[in-house]
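A quick write-up on the structure given underneath.
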Amino acid sequence: MPDEGTSSQAAGDDQAAPGAGHRPTDQAASRGSERDPVAPGSASALPLPTPQSPTTTDQLTLRFPLDPKLGLSGKFDTVPGKEAAPGAGRKYTYAVEIEQGLQLDGELFATTVQKTLNDKRSWASGGLTFERTDSSPKADFVVRLASPETVHKTCSPLVGDTSEDNVSCDAFGTRWVMINAWRWAQGSTAYGDDIVGYRQMLINHEVGHRLGHNHEKSCGAGGIGAGLAPVMMQQTKTRVASEGSMKGETCEANPWPYPSGKLTK
1 MPDEGTSSQA AGDDQAAPGA GHRPTDQAAS RGSERDPVAP GSASALPLPT PQSPTTTDQL
61 TLRFPLDPKL GLSGKFDTVP GKEAAPGAGR KYTYAVEIEQ GLQLDGELFA TTVQKTLNDK
121 RSWASGGLTF ERTDSSPKAD FVVRLASPET VHKTCSPLVG DTSEDNVSCD AFGTRWVMIN
181 AWRWAQGSTA YGDDIVGYRQ MLINHEVGHR LGHNHEKSCG AGGIGAGLAP VMMQQTKTRV
241 ASEGSMKGET CEANPWPYPS GKLTK
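With the UniProt record's numbering as the guide, the letters of the sequence shown map in order to residues 1 to 265.
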């Protein structure tokens, strides 16, 4: 079944291949309920961002109207722009693409991906650094913002039925990290009201799969604070621990692999 991923982690980051074939085949799609209600006040009265809108933290705090069953052409445009890797360490180069016809701000999405991955609390703390390119063929992997139906057509044959809970996936066996635009736009009730944190978690979780990390099911796993959800917990679906000393308890929402800002050995 798609949710039966193990709690193991991949080998060290130097061995983590960015492309197809690295992630163990028992790792499934990240899943959360398609029927989750969204936070009050998040309905379609909110304006859609446009490429002319400033890319600011304020924009990132908004939820945007999107049909949870939206299906588009499956054709993608690369978001233009390059951002150098800001740190030392093992460098991954990635591109950002947005599906044609998707009424969301590709610049806002791309900027958020770059800032999130290179945050000191993110995978960068583990000796990695991330560089955005607008040449998709040369990138180690491609982060795609896609309509729900396009995500399902891409992901379901590879990792399990993402349409069951309307979620994102790292498309195992391809170069694509697929971000479900409905989840990006609306968030998840299971995660909570912090839409900025949810979007950061969504990026870190799916790129974490690309780096070889599997799902975790215990609060505080991986050496983080005892009550925090690990970023590799399926927080879109639930924050209730199913393993460990806090089994049955609700972990605190957490978007970061290393929330203390440094790698715990």
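The beta-carbon is built from N, C-alpha and C at its ideal position, and this holds for glycine as well.
Margin query: Suppose you measure from the CA of Q103 to the CA of T150; what does that come to, to the nearest Å?
Written below: Along the sequence shown, read from residue 1 onward, the residue named residue 103 stands at position 103. Along the sequence shown, read from residue 1 onward, the residue named residue 150 stands at position 150. C-alpha separation (whole angstroms): 15 Å.
Check: For Y191, which residues of its own chain have a beta-carbon under 6 Å away from its beta-carbon, when the five flanking residues on both sides are left out?
Finding: To locate residue 191, count along the sequence shown from 1; it is residue 191. Excluding residues within five positions, the ones whose Cβ falls inside 6 Å are Y198, Q235 and A253.
Next item on the list: Work out the CA separation of H152 and D165 for me, nearest whole Å.
Entry: Taking the first residue of the sequence shown as 1, we reach residue 165 at position 165. Taking the first residue of the sequence shown as 1, we reach residue 152 at position 152. Answer to the nearest angstrom: the Cα atoms are 10 Å apart.
Next item on the list: Please list, in chain order, all residues of the same chain as K120 whose beta carbon is under 7 Å from its beta carbon, the five residues on each side excluded.
Entry: On the sequence shown, position 120 is the one that residue 120 refers to. Once the five neighbours on either side are set aside, the close Cβ partners of K120 are G261.
Next item on the list: Report the residue ranges of all beta strand (DSSP E) runs contained in full by the segment 67-154; include only those spanning at least 3 residues, in chain order.
Entry: 76-78, 90-99, 128-132 and 141-146
Checklist line | Status (buried if at least 16 other CB within 10 Å, exposed otherwise) for S147 | finding: As a position in the sequence shown, residue 147 is number 147, starting the count at 1. Buried: at least 16 other Cβ atoms inside 10 Å.
Note to self: Suppose the cutoff is 7 Å on Cβ atoms and the five residues either side in sequence are ignored; what does the same chain contact list for T250 look like?
What the structure shows: Against the sequence shown, residue 250 aligns to sequence position 250. Hits under 7 Å: R239 and V240.
Note to self: Within 10 Å of its beta-carbon, does D58 have 16 or more other beta-carbons around it, so buried, or fewer, so exposed?
What the structure shows: Taking the first residue of the sequence shown as 1, we reach residue 58 at position 58. D58 comes out exposed.
Check: Touch check for the segment 76-95 and the segment 105-112: three-plus C-beta pairs under 8 Å?
Finding: yes
Margin query: For Q100, count the other beta carbons within 10 Å of its own beta carbon; 16 or more makes it buried, fewer makes it exposed. Which is it?
Written below: To locate residue 100, count along the sequence shown from 1; it is residue 100. Exposed, by the Cβ-count rule.
Check: Under the rule that 16 or more other beta-carbon atoms within 10 Å means buried, what is P137, buried or exposed?
Finding: For the purposes of this step, residue 137 is taken as the residue at position 137 of the sequence shown. With fewer than 16 other Cβ atoms within 10 Å, it is exposed.
Notebook entry, point to check: Taking all protein chains shown into account, do 16 or more other C-beta atoms lie within 10 angstroms of the C-beta of P157, making it buried, or fewer, making it exposed?
Noted result: Taking the first residue of the sequence shown as 1, we reach residue 157 at position 157. Counting Cβ neighbours within 10 Å, P157 comes out exposed, since fewer than 16 surround it.
Check: Where does T189 fall in DSSP's three states?
Finding: Translated into positions along the sequence shown, residue 189 becomes position 189. Coil, per DSSP.
Next item on the list: State the CB to CB distance for the pair W176 and L66, rounded to an integer number of angstroms; the pair is presumed to be in contact (CB under 8 Å).
Entry: Translated into positions along the sequence shown, residue 176 becomes position 176. Translated into positions along the sequence shown, residue 66 becomes position 66. The pair is not a contact, with the Cβ atoms about 20 Å apart (cut-off 8 Å).
Check: When you compare each of R90, W123 and L145 to G71 by their alpha carbons, which one comes out closest?
Finding: Position 71 of the sequence shown, counted from the first residue, corresponds to residue 71. Of the listed residues, the one whose Cα sits closest to G71 is L145.
Next item on the list: Could you tell me the boundaries of the beta strand (DSSP E) in which M246 lies?
Entry: The residue given as residue 246 occupies position 246 in the sequence shown. Unbroken run through M246: none, as it is neither H nor E.
Note to self: Do T133 and A139 have their beta-carbon atoms positioned less than 9 Å apart in this structure?
What the structure shows: Along the sequence shown, read from residue 1 onward, the residue named residue 139 stands at position 139. Along the sequence shown, read from residue 1 onward, the residue named residue 133 stands at position 133. Yes, these two residues count as a Cβ contact at 9 Å.
Notebook entry, point to check: What whole-angstrom Cβ distance do W184 and L202 have, given they're in contact under 8 Å?
Noted result: Within the sequence shown, numbered from 1, the residue matching residue 184 stands at position 184. Within the sequence shown, numbered from 1, the residue matching residue 202 stands at position 202. The pair is a contact, with the Cβ atoms about 7 Å apart (cut-off 8 Å).
Next item on the list: Pull up the distance between the alpha-carbon of Q186 and that of G223, whole angstroms please.
Entry: By 1-based counting over the sequence shown, the position of residue 186 is 186. By 1-based counting over the sequence shown, the position of residue 223 is 223. If I take the Cα positions, the gap works out to 30 Å.
Next item on the list: Name the residue from G225, P257 and G220 whose alpha carbon lies nearest to the alpha carbon of K247.
Entry: To locate residue 247, count along the sequence shown from 1; it is residue 247. Considering only alpha carbons, the answer is G220.
Next item on the list: Report all residues from its chain with a CB closer than 7 Å to the CB of G87; omit the five preceding and five following residues, and keep chain order.
Entry: Within the sequence shown, numbered from 1, the residue matching residue 87 stands at position 87. Within the same chain, G87 has close Cβ partners N118, A124 and T129.
Item checked: Collapsed DSSP secondary structure at I179 in the structure displayed -> Translated into positions along the sequence shown, residue 179 becomes position 179. In the structure shown, I179 sits in a strand (DSSP, three-state: E or B).
Checklist line | Per-residue DSSP class, three states only, for E164 | finding: Translated into the one-based positions of the sequence shown, residue 164 becomes position 164. DSSP places E164 in helix when its eight states are reduced to three.
Checklist line | Between the CA atoms of G160 and K69 - distance to the nearest angstrom | finding: Position 69 of the sequence shown holds residue 69. Position 160 of the sequence shown holds residue 160. Rounded to whole angstroms, K69 to G160 spans 18 Å at the Cα level.
Note to self: Less than 9 Å between the beta carbons of S168 and E206, yes or no?
What the structure shows: The residue given as residue 168 occupies position 168 in the sequence shown. The residue given as residue 206 occupies position 206 in the sequence shown. Contact: yes.
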